[in-house]
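In this note's numbering, the protein residues as written are 292 to 507. Here a beta-carbon is modelled for each residue, glycine too, at the ideal position from N, C-alpha and C. Every value quoted in this text rests on a predicted model; they were computed, and no experiment measured them. Structure first, commentary second.
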Amino acid sequence: MRRKRKFRSMSEVANLTKLAREAASCRRCALWEHATQTVFGDGPPNARLMLVGEQPGDQEDLQGKPFVGPAGAVLRRALDEAGVDPAKAYVTNAVKHFKFVIQRGKRRIHQKPNVIEIEACRYWFEQELTTIRPEMVVALGATAARAVFGREMAIQRNRGRVIALGNGSRALITVHPSFLLRLPDESARDGIRALRRRPQAGRGAHTQIDRIQLQT
Ligand code: SF4
C-alpha cells in the first residue's frame, strides 16, 4: 500500500540545505583535492523516490549538479517512459566528488571510486537518506549499491529485487544509465528505445523503474 504523501517542515528542508553546505567543505577522503566542487544531491526534500548514481561526471563537476550530463539524459528518458516525473525524484551520487585522470594533457577521464572513498562518502548518503526518508531508493550500479546497502551486492543476482532497508525505505538495484551509453551499437545508445529492442538491457534500466510505480 502506498504511504501518504510526506509533509516536510521548514526545519527539515533547512536540514538538507545545511547538509549540502557542510558537504561543500568535506575532506573525509582525498577526492576533493582535484575536483571543482562537491556535487550534493538535488531534488525535493519530500521525494518518495531517491535515485543514487556512482559519482559526478565531468559536466556534473563543472555545473555542481548531479545527472546533468549524458547519463542524466538517459535516466530522465527512462523516468519519463515509466511515467515518473523526474522533477519529483531526489537524485544523488554515492560519491560526491569527481574522480578522474587527465588524458592527453586536458581530457578528464572518469575513474571508478574505490571502497575507501565510497565508505568515506557514505556518511553523506546516510544523512540524505535519514533526512528524505524516501519510499524507494534505486541504486544505479555497483558503487551505488555498495553505498545503499553498506556492502558489496552482485548486480546481476540482485537486479530487480526489492529489499527492505533498516529505516523503513525499500531499495532495488539496477544498472547505471552510463551502461546504456557504452553499449556498442548506435541504436543501443539511443537509451530507452533500445531497451525495448534489447530485453537484456531493458531489464536493467527500464522495467525496474517501471515497477516502482511511484508517480506522484
Ligand atoms: S568524495 Fe565524499 S567523502 Fe570524499 S571529500 Fe568528497 S564529499 Fe567528502
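Buried or exposed: which applies to residue i, given that a residue is buried once 16 or more other Cβ atoms fall within 10 Å of its Cβ?
| i | result |
| --- | --- |
| ALA485 | Bear in mind that a pLDDT of 36 at ALA485, under 50, signals an unreliable position, so the number given afterwards is only what the model happens to contain. Buried, by the Cβ-count rule. |
| LYS309 | exposed |
| ASN384 | buried |
| GLU419 | buried |
| SER469 | buried |
| TYR414 | exposed |
| ARG395 | exposed |
| ARG339 | buried |
| ILE423 | buried |
| ASP352 | buried |
| GLY495 | Low local confidence applies: a pLDDT of 41 at GLY495 is under 50, so the model's placement there is unreliable, with the coordinate-based value given in what follows. With 16 or more Cβ atoms within 10 Å of its Cβ, GLY495 is classed as buried. |
| VAL453 | exposed |
| VAL392 | exposed |
| GLY334 | buried |
| GLU345 | buried |
| GLY459 | exposed |
| ALA436 | buried |
| ASP476 | With a pLDDT of 45 at ASP476, under the threshold of 50, the predicted position of this residue should be treated as unreliable, though the coordinate-derived value follows. Label assigned to ASP476: exposed. |
Whose C-alpha, out of the options, is nearest the C-alpha of residue i?
| i | options | result |
| --- | --- | --- |
| GLY432 | GLU408, PRO425 and LEU463 | LEU463 |
| THR434 | TRP323, PRO347 and ARG319 | PRO347 |
| LEU322 | PHE358, GLU408, GLY355 and MET444 | GLU408 |
| ALA315 | THR329, ARG442 and ASN458 | THR329 |
| LYS403 | ARG367, LYS397, GLY363 and LYS387 | LYS387 |
| GLU324 | GLY451, ASP333 and PHE389 | PHE389 |
| GLU443 | VAL428, PRO357, ASN405 and PRO377 | ASN405 |
| ALA445 | THR465, LEU307 and GLY457 | THR465 |
| GLN354 | ALA380, CYS317 and THR327 | THR327 |
Does at least one heavy atom of the ligand SF4 sit under 6 angstroms from the Cβ of residue i?
| i | result |
| --- | --- |
| ARG319 | yes |
| HIS388 | yes |
| THR329 | yes |
| ALA255 | What the structure shows of the chain is the stretch from 292 to 507, and residue 255 is not part of that stretch, so it cannot be assessed. |
| LEU310 | no |
| LEU322 | yes |
* Report the residue ranges of all beta strand (DSSP E) runs contained in full by the region 361-394; include only those spanning at least 3 residues, in chain order. => 380-384 and 391-394
* To do: Quick one: which unbroken beta strand (DSSP E) runs of 3-plus residues sit fully inside the region 391-460? Chain order, please.
  => 391-394, 398-401 and 427-431
* To do: Note down, one range per segment and in chain order, each beta strand (DSSP E) of at least 3 residues found wholly within the region 331-365.
  => Listed in chain order, they are 340-344.
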